[in-house]
Amino acid sequence: MNEPGYVTPEVHRVIARDDLLMLAAETDEVVGIVGNQVSLAKLKKDDESLFEVALAHYLKTAREGRQASVRTNAWDSAAVIVRFGDLVGLRPASAGSPEEMHENALAENVSRKAGSRLDRALATGVINRYHAARNLRLIGKFERALPLVARPLADLMGTGAEPYMAHYLFERGAGLLAQGQAGQVDDALGEWDEYWEKTRAQGYSTRYRFEFLRALAYWDSDERSPQEALAQLDSSLGRLLGGVPVPVPMADGTFRQSDDDRGVREISVTLAKAELLTACATSDGERAEAAALGRRALEIANRVRGRMRVISRSRSPLAEAFRRLYGDIALLAARLADAGTPGAAELGLEVALTAKQTGFATRIRADRGLMNANLQGILDRIVELENKPENDLLFADDPDARDRMLGELHFQLGDKISAMLAETVLPSRVDLGRVTTALGGRTALDYLELPGSVGGPPSLYRSLLRPGQPILFERFEPDAGVVAFFQDRRATRDLFDWVGRFGPAPGSDPATPGGNREVVPRNARSVPTVLPTWAEIAGVLPKALRADLAGSPDDPMPLVISAHSWLSLVPWVALPIGEAGTRLVERAVVTQTPVLTCLTALEVPTADGPALVRLVGANKAGRGVNVSREREAWLLPAGTDEVRLSRAVVRSDQVPELCPELQLGDVLTRDASWSFLHVAAHGGLGPEEEAQGSHDGLRQVLEIPEQRLTAARALGLHWPGSVLMASCHVGQVVNTRDAEPLNFVMALLTGGARCVVAGIAGIGDEGTGNVAHDIVRALRGGPGSLDRALRSAQLEAIKRDAAPAGWALLAAYVK
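Laid out in structure tokens, this is it:
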């Protein structure tokens with residue numbers, strides 16, 4: 001929508017969200033018509049292409065269609081797709097001007113009969129004018145939009161689209177609001193009161209638009225009370241839920257019932273009422289009602305998400321629209337939680353977990369073409385089922401058939417691969433009770449970055465879950481320099497070069513900047529920035545957590561962090577938590593997890609029993625890894641030579657023995673009996689992926705000479721319960737658009753690993769070798785878990801006063 005000029009930010013958000021959701025529903029319909037005709041093979045590469053395929057189809061039809069009615073519908077459908085893509089910042093590459101497309105749609109429908117002012121297709125003309133007027137309003141051309149919708153009722157009578165008068169009136173009023181003329185809205189709408197009260201129009205489900213717009217005008221006006229606006233919203237919601245559905249012509253010439261997208265409309269009005277209550281609440285009861293409405297909006301969103309097949313259309317404009325909707329609900333929850341509203345923090349956490357679940361599920365589907373044939377086949381069947389229309393013959397006699405068949409595929413994934421993969425692909429509804437049970441005595445810190453309906457920079461939220469205490473949920477704003485630095489590290493991937501140079505040094509006053517700070521060269525699209533201080537980075541930790549961490553180092557807090565977006569690159573263990581410079585790892589056993597819903601109540605297993613070892617040593621050309629310290633830990637002769645795939649016993653003095661099978665992937669395909677794996681190799685993206693500019697997580701690789709392992713292939717292997725990967729980048733989020741940390745580590749966790757230690761960025765041989773050495777010696781010397789062995793190694797590094805770059809970029813991930 002156009003930038004808010006005179007309209008209040010709150011009303012601007014409501015209208016922007018309504019535009020987004022209405023366009024989302026319309027786009028889903030027109031894209032779905034084409035999607036049902038496109039082969040599954042065409043869409044394996046990237047589901048975003050479905051929108052480009054649909055746009056190309058409509059543009060070709062608009063230019064080459066033989067019938068005017070076909071060309072009219074095609075131009076209108078293409079315009080809707082492009083406008084929606086513009087709203088969510090994902091404009092299709094082949095897009096033209098939506099304004100010109102709408103003009104073409106209207107021109108194609110003009111009757112060629114002499115003296116006639118009628119459209120060829122009457123209902124189509126009514127609907128296309130509404131779409132064209134909305135588009136003009138969205139780009140600020142109000143004077144051109146008004147004549148399209150300021151039409152007498154007689155123009156709609158007998159067209160079959162009379163209920164669209166409510167949309168016409170909404171556009172007239174929204175245009176007035178955008179121009180700061182809220183006081184004129186009531187006059188413009190008032191002359192229509194009798195029409196909506198005393199004619200058959202009183203039963204139209206579209207009538208809710210009339211009262212919805214009037215409510216927004218009252219909200220925006222200084223001359224009306226919040227109670228008057230709330231009364232209009234109540235009436236609007238009642239009309240919406242009780243109205244009579246009316247048929248609407250579609251781009252393929254068929255009709256559907258206009259309340260098919262009633263869920264989308266209900267979200268819009270419900271969330272608007274929740275936001276108005278929050279803004280004007282004078283009692284705890286009103287705030288509690290707002291929280292209940294926010295939860296209702298989330299429930300409807302989850303239902304609509306399934307109907308619109310948002311998950312199956314990964315990285316699409318439709319998925320982006322839901323991210324923005326979740327962002328609005330998260331903002332509402334944060335405001336209510338800040339006021340101490342019961343249930344608001346739980347709502348915020350549930351939104352966060354739902355958004356992450358949706359993101360993971362879409363990413364897995366998008367990259368299914370990279371996976372093994374067995375896993376890809378199951379995912380193909382899931383996507384095919386999800387994309388079948390509601391009226392498909394497969395569901396004709398059994399409306400529950402889709403859910404039942406998806407349930408069977410969920411079982412297959414869990415049985416053949418892992419329960420975590422099944423939940424990642426077909427996520428269950430978020431159950432906070434299950435999450436807290438799985439945490440047990442652990443503290444959890446969850447982060448979420450989401451945009452809102454009005455666009456602009458995304459907002460950051462964090463949740464803190466502590467045993468026996470209320471959940472905390474809040475929106476927070478980190479230091480701008482910290483955000484800029486880590487955002488750029490996602491693109492430049494040079495975090496290792498800078499971690500050792502953060503200032504001021506721990507132990508100094510966090511309030512002082514610490515002298516002259518270095519300037520960090522940023523990527524070509526940005527300007528340089530200064531290096532952040534450790535104290536500024538530590539600002540991402542909640543104050544309540546820092547207070548809890550002031551305890552004894554002899555009783556460290558078990559802390560699970562679920563990061564998001566650029567926060568996945570934060571070296572958490574090294575953050576100072578007090579003025580004395582105490583590092584987080586000195587007071588906590590820090591682990592990370594992709595999303596809290598994938599946690600189990602089981603403890604991290606003891607790394608004991610049969611082990612696999614593969615160390616890619618330095619070769620004559622100087623490539624490879626300096627594995628001298630890791631060879632020493634396994635009691636191998638001194639040197640930097642590689643250790644081919646070998647087997648050993650963790651708690652013993654046994655020297656690793658060469659495996660008959662020399663390829664790690666082959667061993668893990670057949671055998672699930674291993675309890676520990678130690679790999680030292682370069683990781684990240686291979687030359688082919690770098691050349692393609694690819695940053696997708698499942699294309700991450702372990703560079704093992706005899707068998708290059710991708711994260712996509714790793715999904716189908718049987719990984720040991722504990723895995724030490726002394727490798728660069730495999731724990732890093734390298735994708736710069738999608739926020740979910742889908743990477744090599746995620747692949748291992750879904751494939752059976754319970755704890756994985758890996759590098760979140762580029763890591764140096766010396767420091768990593770020392771940490772890996774200490775981990776292996778600790779595990780071989782006595783029973784212990786990998787996460788605690790990592791902590792012990794990092795504490796030893798702190799005692800040696802080792803640079804943080806040598807130990808802070810290794811993280812323990814758990815499920």
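Heads up, the sequence shown is in UniProt numbering, so the first residue is 1 and it goes up one at a time.
Beta carbons: idealized from backbone N, C-alpha and C, even for Gly.
Note that this is a predicted model, so its numbers are computed, not measured.
Which partner residues does residue i have in the DSSP bridge list?
i    : result
A648 : A611
D220 : Looking at the DSSP assignment, D220 forms no beta bridge with any residue, so it has no partner.
E449 : L460
C755 : S722 and V814
E657 : R647
S785 : T606
H678 : V613 and L724
V625 : G617
T443 : L559
Taking its Cβ as the centre, do 16 or more other Cβ atoms sit within 10 Å of residue i, making it buried, or is it exposed?
i    : result
L809 : buried
H695 : Legend: pLDDT at H695 = 46, less than 50; position of this residue unreliable, value from coordinates given subsequently. Buried.
L569 : buried
F411 : exposed
R17  : buried
P571 : buried
A438 : buried
A95  : buried
Q202 : exposed
P804 : buried
N743 : buried
D220 : buried
V655 : exposed
L472 : buried
P594 : buried
L393 : exposed
Just to check my reading of the structure: residue i and residue j have Cβ atoms closer than 8 Å, yes? What is that Cβ distance to the nearest angstrom?
i    : j    : result
L645 : L664 : 6 Å
S727 : H682 : 7 Å
W566 : R490 : 6 Å
F590 : L559 : A small correction: the amino acid at residue 590 is Val; Phe does not occupy that position in the sequence shown. Sure, about 5 Å apart at Cβ, within 8 Å.
E642 : L615 : 6 Å
V520 : L531 : 5 Å
S463 : D328 : In fact, because the Cβ distance is near 17 Å, the residues do not count as touching under 8 Å.
T640 : G617 : 5 Å
V7   : L177 : 5 Å
G441 : P467 : 5 Å
L169 : A132 : With 8 Å as the limit, L169 and A132 do not qualify as a contact, their Cβ atoms being about 16 Å apart.
A758 : A811 : 7 Å
A538 : L495 : Not quite, the Cβ-Cβ distance comes to about 16 Å (not below 8 Å), so this is no contact.
T588 : M557 : Here residue 588 turns out to be Ala, not Thr, going by the sequence shown. Correct: roughly 4 Å between the Cβ atoms.
W674 : P610 : 5 Å
T159 : V126 : 5 Å
Which residue wins for smallest C-alpha separation from residue i, given the options the options?
i           : options                   : result
F26         : L50, E10, D76 and E64     : One detail in the question is off: residue 26 reads as Glu in this sequence, not Phe. Ranking the options by Cα distance to E26, first place goes to D76.
N374        : D787, G721 and G716       : G716
R83         : L394, A54, S552 and L20   : L20
E103        : V88, P92 and A79          : A79
T334        : A145, G348, L662 and A279 : Inspection of the sequence shows that residue 334 is occupied by Ala rather than by Thr. Checking every option, the nearest Cα to that of A334 belongs to G348.
L379        : G414, L393, H564 and D397 : G414
Y164        : A150, N302 and A62        : A150
L421        : L50, Q376 and L465        : Q376
residue 823 : L724, R583, L216 and A574 : Missing from the structure shown is residue 823; the chain here goes from 1 to 815 and no further.
R699        : A337, T282, E477 and R363 : R363
G500        : T533, Q487, R475 and R214 : T533
N387        : V745, V31, S792 and E586  : V31
E632        : V771, M157, G263 and L293 : V771
E10         : T206, R134 and A215       : A215
A272        : L426, A229, G242 and V667 : A229
Is there at least one non-hydrogen atom of the ligand MG closer than 7 Å to the beta-carbon of residue i?
i    : result
A480 : Ligands displayed in this structure: none; no statement on the ligand MG is therefore possible.
Ignoring anything shorter than 3 residues or poking outside the region 462 to 503, list the beta strand (DSSP E) runs there in chain order. Correct list: 472 to 476.
At 4 residues or longer, and completely inside the region 129 to 170: list those alpha helix (DSSP H) runs for me, N to C. Correct list: 142 to 149.
Entirely enclosed alpha helix (DSSP H) segments - the region 373 to 423, minimum 4 residues: Here the runs fully enclosed are 373 to 387 and 401 to 416.
My parser needs the alpha helix (DSSP H) runs of 4 or more residues fully inside the region 520 to 591; what are they? List check, alpha helix (DSSP H) in window: 534 to 537 and 543 to 548.
Uninterrupted alpha helix (DSSP H) stretches inside the region 62 to 113 (no shorter than 4 residues): Counting only runs of 4 or more residues that sit fully inside the region 62 to 113, the alpha helix (DSSP H) segments are 68 to 87 and 98 to 108, in chain order.
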